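See structure below.
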Amino acid sequence: MKVKAPKDMIFLVVDDIDNMRRSVKAMLKLVHFGKEFYEAANGRDAWKLLQDENIVIDFIICDYNMPYMSGTELLGLIRATKKWRDIPFLMVTAEANMDIVAEAAEHDVDAYMTKPFVTATLEQKVIELLGQINNPSPFNQLLLQARTLEEKGDLEGAIGAATEAAKLNDRSSKPYRELGRLFGKKGDLKKAQLCFEKAVEINRLDVSSYHALGQIYYHQGKMEMAMENFNRAMEISPRHADRAMNFAKLLIKKKQLPEAEKVLRLVLKTKSNDIDFKEDIAETCSNCGLMELAVKCYREVLKADPERIYLNKKIGLALFALGEVNEALKVLEKAAEKTSDDIDLFMALGNAYFSIKQLIRADQWVSKVLRIDPSHKEARAILDKCL
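Under the working numbering, residues 201 to 587 are what the sequence shown spells out, in order.
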């Protein structure tokens with residue numbers, strides 16, 4: 201694939217700091233790179249821009265750490281989209297620590313550089329990156345060939361090309377990771393497992409391969425080995441929220457709730473601004489009995505979006521489950537102001553008042569239930585005890 205000369209390119213600069221975007225554009229203009237420039241303040245806005253069919257982008261310079269959608273999350277979407285997957289992508293980071301390097305490698309970042317940097321560094325990185333794309337090594341050519349063959353439905357041919365790539369570079373885990381994925385797609389989990397194991401043997405930071413091994417062991421019923429690999433993936437790169445959630449659900453299934461809670465709290469740190477995701481975590485916690493964390497998440501979501509008044513009921517139920525009856529009653533009473541037919545809510549209030557021996561109030565709430573559903577056995581039982 202041949203790309204345009206830098207002076208003819210359209211650049212997209214993605215960074216949540218205005219001055220940084222301006223600085224990068226100024227540096228590019230100083231060396232006469234770019235005929236046009238677009239900007240985005242985060243990965244989400246950049247991805248939205250890339251959906252516009254009238255916009256053409258030739259090169260992306262993107263910060264790693266941004267709200268709403270990080271640089272690697274954006275890169276993952278781009279690499280998974282046929283239209284954009286080959287676009288040159290230069291990642292900018294404040295530091296090149298272990299999880300950043302692992303994430304960048306996992307999503308096939310073309311190059312990355314650390315802040316602060318000067319114009320000459322940026323110029324050199326762009327030129328080097330374009331040189332690699334215009335003159336791919338035999339190793340990269342084979343991996344591209346494997347991808348093309350796979351898309352044509354020739355899995356055997358793709359496996360052959362990836363095998364040849366592995367022979368050319370025994371220090372890269374990528375061919376073995378690709379082979380593992382291809383064998384998995386073919387249904388040969390035994391060979392897939394061997395390839396992923398080889399990948400992590402070569403590269404101890406190969407997050408994707410640890411995750412794939414975790415899935416294989418999980419489907420084999422080898423829960424301890426599955427958790428070991430998921431845990432290793434999380435240790436290397438805790439920012440993958442979906443991967444972390446799958447790991448947490450696996451721990452919940454094994455009744456290892458303290459471990460699951462640790463993972464969920466880690467996810468919350470990396471997705472603190474995503475209130476929909478936070479509400480999903482709250483639901484997961486509530487369903488498995490992690491009520492303290494459920495209450496914390498529900499309250500943070502409600503504070504961020506006061507329109508979600510339905511959460512008062514969930515907060516109240518979780519507080520009641522924790523034994524914080526008086527606090528639960530305050531919240532549940534508030535929730536009850538907004539409805540006239542929520543049997544579950546009215547029963548929760550009846551049970552809560554009954555538990556602290558406020559029988560008149562308990563009677564009032566279960567009587568409401570019985571007016572809606574005269575055959576409600578639990579409400580009838582509490583009413584009988586209140587008489």
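Glycine included, C-beta positions come from ideal geometry on N, C-alpha and C. The model shown is predicted, which means the values in this text are computed figures rather than measured ones.
Check whether residue i and residue j have beta carbons under 9 angstroms apart
i: residue 380; j: residue 366; result: no
i: residue 258; j: residue 289; result: no
i: residue 502; j: residue 464; result: no
i: residue 505; j: residue 475; result: yes
i: residue 409; j: residue 430; result: no
i: residue 550; j: residue 521; result: no
i: residue 364; j: residue 342; result: yes
i: residue 390; j: residue 359; result: no
i: residue 516; j: residue 548; result: yes
i: residue 411; j: residue 441; result: no
i: residue 546; j: residue 585; result: no
i: residue 403; j: residue 437; result: no
i: residue 276; j: residue 291; result: no
i: residue 500; j: residue 478; result: yes
i: residue 181; j: residue 350; result: Since the first residue shown for the chain is 201 and the last is 587, residue 181 is missing from the structure and cannot be characterised.
i: residue 454; j: residue 423; result: yes
Status (buried if at least 16 other CB within 10 Å, exposed otherwise) for residue i
i: residue 285; result: exposed
i: residue 251; result: exposed
i: residue 467; result: buried
i: residue 353; result: exposed
i: residue 556; result: exposed
i: residue 415; result: buried
i: residue 246; result: buried
i: residue 215; result: buried
i: residue 560; result: exposed
i: residue 327; result: exposed
i: residue 535; result: buried
i: residue 375; result: buried
i: residue 519; result: buried
i: residue 222; result: exposed
i: residue 378; result: buried
Assumed close pair residue i, residue j - CB separation to whole angstroms, cut-off 8 angstroms
i: residue 266; j: residue 242; result: 4 angstroms
i: residue 260; j: residue 287; result: 6 angstroms
i: residue 451; j: residue 460; result: 4 angstroms
i: residue 509; j: residue 538; result: 6 angstroms
i: residue 348; j: residue 315; result: Not a contact, Cβ separation roughly 36 angstroms.
Closest by C-alpha distance to residue i, when choosing among the options
i: residue 313; options: 279, 263 and 343; result: 263
i: residue 456; options: 215, 485, 534 and 586; result: 485
i: residue 318; options: 225, 204, 454 and 568; result: 225
i: residue 471; options: 497, 452, 525 and 523; result: 497
i: residue 371; options: 348, 358 and 405; result: 405
i: residue 513; options: 521, 532, 526 and 499; result: 532
i: residue 330; options: 552, 204 and 215; result: 204
i: residue 583; options: 573, 574, 562 and 575; result: 562
i: residue 369; options: 277, 339 and 269; result: 339
i: residue 227; options: 269, 323 and 483; result: 323
i: residue 346; options: 361, 337, 335 and 333; result: 361
i: residue 407; options: 435, 573 and 335; result: 435
i: residue 253; options: 229, 283, 268 and 274; result: 283
i: residue 483; options: 420, 462 and 511; result: 511
i: residue 321; options: 377, 230, 240 and 281; result: 230
Residues of its chain near residue i, where Cβ-Cβ distance is below 8 angstroms and the 5 sequence neighbours each way are ignored
i: residue 238; result: 210, 211, 212, 213, 249, 255 and 257
i: residue 235; result: 207, 208, 209 and 210
i: residue 570; result: 576, 579, 580 and 583
i: residue 488; result: 452, 457 and 460
i: residue 344; result: 336
Same chain, Cβ closer than 6 angstroms to residue i, five either side skipped, listed in chain order
i: residue 384; result: 392
i: residue 417; result: 425 and 426
i: residue 310; result: 288, 289 and 329
i: residue 492; result: none
i: residue 269; result: 242, 243 and 244
i: residue 568; result: 546
i: residue 413; result: 396 and 429
i: residue 446; result: none
Cβ-based neighbour list, residue i, same chain, cut-off 7 angstroms, excluding 5 preceding and 5 following
i: residue 232; result: 207
i: residue 525; result: 552, 555 and 556
i: residue 572; result: 541 and 543
i: residue 574; result: none
i: residue 273; result: 243
i: residue 325; result: 290, 311 and 313
CB contact check: residue i to chain D, cutoff 9 angstroms
i: residue 374; result: Absent from the structure: chain D. Only one protein chain is present.
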